[in-house]
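In the numbering used here, the protein residues as written are 32 to 257. Note that the Cβ used here is the ideal one computed from N, Cα and C, for glycine as well. The structure appears right after this line, and notes come after that.
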């Protein structure tokens, strides 16, 4: 049975503010709280997941490095990359983390199919790849049965900062993006397709939420952090 998920397209956002906001949303939600999907871009930042080590940050330069509680190693976020945070109650969905990861990966793979770009998973290396290059990264956290953090999907960005790290902890891992593979460079076009594929994978009906004012708990946190 389909359920409604509030989709918030938040545009370009500083990482720390959104991090605090999704933590607050997750901590303050209860069994009646509707799930949300936040879709946005981040200002340039490197993030280190729980398994991340500073030795994989080769030359951060002026880009900040932030240690966070998501799974995975080091990655880069910047303008031109879609970041999506599925804030889902997995208990209500009857779903485990592995299944959630598989469904997110499939949503990215199916999104790329819109432009005849063939993408695959790799056993033991979460994410989505085109040939030997990574195009989508995942890093999740589950607290009290509810997910936060999420996915990063390269669309039309400056890929140079990936040369300053070992992406996902792999030395020399190549990265690619939609526009370099013949797909559209307009983020809104790719966002539309990704949201629809996420809805198909997770069986929800997207409900457009206000971009400027997320959940009330989030609004209070965002105001405090800004």
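Original post:
To the nearest angstrom, how far is it from the Cα of residue 284 to the Cα of residue 213?
Top reply: With the chain covering 32 to 257 only, the question about residue 284 has no answer from this structure.
Counting only runs that start and end within the segment 166-244, where is the beta strand (DSSP E) found for 3 or more residues in a row? As summarised for the segment 166-244, the continuous beta strand (DSSP E) elements at least 3 residues long and confined to that stretch are 177-185 and 235-239, given in chain order.
*asked:* Which same chain residues end up closer than 6 Å to residue 168 when comparing Cβ atoms and leaving out the 5 residues on each side of it in sequence?
replied: Working through the chain shown from its first residue, we reach residue 168 at position 137. Excluding positions up to five away in sequence, the list reads 106, 158 and 183.
Original post:
Helix, strand or coil: which one does DSSP assign to residue 90?
Top reply: Counted from its first residue, the chain shown places residue 90 at position 59. In the three-state DSSP reduction, residue 90 falls in the coil class, being neither helix nor strand.
Under 8 Å between C-beta atoms of residue 51 and residue 240: By 1-based counting over the chain shown, the position of residue 51 is 20. By 1-based counting over the chain shown, the position of residue 240 is 209. Cβ atoms of residue 51 and residue 240: not closer than 8 Å.
- Return helix, strand or coil for residue 156, following the three-state DSSP convention. One-based indexing of the chain shown puts residue 156 at position 125. In this structure, residue 156 counts as coil in the three-state DSSP scheme.
> By how many angstroms is the C-alpha of residue 70 removed from the C-alpha of residue 90?
Replying inline: For this step, residue 90 is matched to residue 59 along the chain shown. For this step, residue 70 is matched to residue 39 along the chain shown. Going from the Cα of residue 90 to the Cα of residue 70 covers about 28 Å.
Subject >> Contact under 8 Å by Cβ, residue 108 with residue 114 >> reply: Numbered from its first residue, the chain shown carries residue 108 at position 77. Numbered from its first residue, the chain shown carries residue 114 at position 83. The answer is yes: Cβ separation under 8 Å.
Can you list, in chain order, the residues of its chain whose CB lies under 8 Å from that of residue 44, leaving out five sequence neighbours each side? Along the chain shown, read from residue 1 onward, the residue named residue 44 stands at position 13. Around residue 44: 71, 72, 73 and 74.
CB-CB length for residue 37 against residue 65, believed under 8 Å: Here the question's residue 37 lines up with position 6 in the chain shown. Here the question's residue 65 lines up with position 34 in the chain shown. Right, the Cβ-Cβ distance comes to about 6 Å (below 8 Å), so this counts as a contact.
Below 8 Å between beta carbons: does that hold for residue 88 and residue 76?
-> Within the chain shown, the letter at position 57 stands for residue 88. Within the chain shown, the letter at position 45 stands for residue 76. No, Cβ-Cβ distance for residue 88 and residue 76 is not below 8 Å.
Task: Short Cβ contact (8 Å threshold) for residue 179 with residue 53 - done: Here residue 179 refers to the residue found at position 148 when the chain shown is read from its first residue. Here residue 53 refers to the residue found at position 22 when the chain shown is read from its first residue. In contact: residue 179 and residue 53 (Cβ atoms closer than 8 Å).
According to the neighbour-count rule (16 or more other Cβ atoms, all chains shown, within 10 Å of its Cβ), is residue 185 buried or exposed? Residue mapping note: residue 185 aligns to position 154 of the chain shown, counting from 1. Per the 10 Å Cβ criterion, buried.
> Among residues of its own chain, excluding the 5 on either side of residue 192, which ones have a beta-carbon nearer than 7 Å to its beta-carbon?
Replying inline: Translated into the one-based positions of the chain shown, residue 192 becomes position 161. Same-chain partners within the cutoff: 75, 94, 107 and 109.
Worksheet entry | C-alpha gap between residue 120 and residue 236, whole angstroms | Residue 120 sits at position 89 when you count from the first residue of the chain shown. Residue 236 sits at position 205 when you count from the first residue of the chain shown. C-alpha separation (whole angstroms): 15 Å.
ask   = Taking just the CA atoms, how far does residue 181 sit from residue 49?
value = Translated into the one-based positions of the chain shown, residue 49 becomes position 18. Translated into the one-based positions of the chain shown, residue 181 becomes position 150. Approximately 12 Å between the Cα atoms of the pair.
Check: Can you tell me where the beta strand (DSSP E) with residue 78 in it begins and where it stops?
Finding: Counting from one through the chain shown, the residue named residue 78 turns up at place 47. Following the DSSP letters along the chain, one finds residue 78 inside the beta strand (DSSP E) bounded by residues 76-79.
Compare the C-alpha of residue 101 against each of 177, 220 and 155 and name the closest. By one-based count along the chain shown, residue 101 stands at place 70. When only C-alpha atoms are compared, the closest one is 177.
Start and end residues, beta strand (DSSP E) containing residue 139: Within the chain shown, the letter at position 108 stands for residue 139. Counting along the chain, residue 139 falls outside any beta strand (DSSP E), though it belongs to the alpha helix (DSSP H) covering 128-144.
Q. At what residues does the beta strand (DSSP E) containing residue 64 begin and finish?
A. The residue you call residue 64 lines up with position 33 of the chain shown. That residue, residue 64, is in no beta strand (DSSP E); it is neither H nor E in DSSP.
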